[in-house]
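Residue numbers (my numbering): 1 to 247.
C-beta atoms are modelled at their ideal positions from N, C-alpha and C, and glycine is treated no differently.
Working notes, beginning with the structure itself.
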Amino acid sequence: MKIDVLSLFPEMFHGVLESSILKKARDKGAVDVAVTDFREYADNKHKTVDDYPYGGGAGMVLKPQPIFDAVADLNKEGSKARVVLLCPQGERYTQKKAEELSKEEHLIFVCGHYEGYDERIREHVVTDEISIGDFVLTGGELGALVIIDSVVRLLPDVLGNKASAVEDSFSTGLLEHPHYTRPSDFRGMKVPDVLTSGDHKRIAEWREEESLRRTFLRRPDLLENYELSESQKKMLDQIEKTHRSDV
């Protein structure tokens, strides 16, 4: 996969891209990430990329020319990149969207600053507008890093355990079950007996039930569109009864 990032602050990416899974993915050749200061594409001698908004108002607006030309240049070899605009007005980012983007060959992220973007950038350049949550950041860089991390870890052979990405919270539609490791008894706090039983069928059932329980208690909204199997319906019914009796 090829990922290009257009940012006025490329230095913000250096530490993250050179660490952990992202570094391993780049070293393996699974992804090629390049960060470009789109100020380089400004066609005026002062390299200005923003201007006052028509109609008045506070703040500055990113000019269309540098973004138009930068995206055209990055696409000059005929690649049909998905161009992602980081924007609080965009669709809410989800694991489903991460899985969708991970199937692309080329992604371009546009990270804005100041008051906003010239509307013609939205209308004629970008293919996706994405928000990572209902809050406002100084710029799009942190949002782009979040999306890049979540996409790259889904690429083939990036994670050591291929099942890890499949079993993550949200990948199945439910929150992930609890995890435990050694020692089995830590300061009197014990691992559930089922996990040390060696009975893989019981362990799988326990994990499925705990995944449902955690989703029901923490993110019940996820269950609204989740298609439950008959066994899961029985599990959830018992979970709800237990919860009502405990309240």
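Residue from the options with nearest C-alpha to residue i
i	options	result
V152	K233, E99, T138, L74	E99
R26	V125, E115, G116, V158	V158
G78	C87, Y54, G55, E105	E105
F135	P156, D128, R182, C87	C87
D37	S19, R82, L228, D69	D69
Q232	R213, V125, T242, K24	R213
L85	L137, L154, V125	V125
P220	I239, A204, E230, K234	I239
L137	P64, T242, Q89	Q89
H14	D51, E224, L142	L142
CB contact flag (residue i, residue j, <8 Å)
i	j	result
I147	I121	no
V49	D118	no
V33	S7	no
L174	Y93	no
G140	V110	yes
L228	L236	yes
R82	D149	no
A42	P10	no
Cα-Cα separation between residue i and residue j, rounded to whole angstroms
i	j	result
P178	E210	7 Å
R202	K96	29 Å
H46	E91	35 Å
V194	R207	10 Å
S171	K103	15 Å
R218	L101	27 Å
A30	P156	8 Å
G160	L17	18 Å
F216	K24	36 Å
K80	R39	23 Å
H200	M12	45 Å
L107	K63	21 Å
Y180	E205	16 Å
S20	E176	22 Å
L22	R182	28 Å
P192	K28	38 Å
T242	T196	25 Å
E224	E123	33 Å
Buried versus exposed, by CB contacts within 10 Å (16 or more), residue i
i	result
G59	exposed
G198	exposed
A144	buried
H113	buried
K190	exposed
R244	exposed
V247	exposed
G133	exposed
G116	buried
Check: residue i C-beta below 7 Å from any heavy atom of the ligand ADP
i	result
A34	Here there are no bound small molecules, and the ligand ADP is not part of this structure.
Beta carbon proximity, residue i to chain C, threshold 8 Å
i	result
S245	Of the protein chains in the structure, only one exists, and it is not chain C.
Would you call the region 49-67 in contact with the region 178-194, where contact means no fewer than 3 C-beta pairs closer than 8 Å? With a cut-off of 8 Å, the region 178-194 and the region 49-67 do not count as touching, because too few Cβ pairs lie within range.
Closer than 8 Å is the cut-off here; do at least three beta carbon pairs connect the region 61-74 with the region 2-10? In the pairwise beta carbon analysis, the region 61-74 is classified as touching the region 2-10: at least three pairs are separated by under 8 Å.
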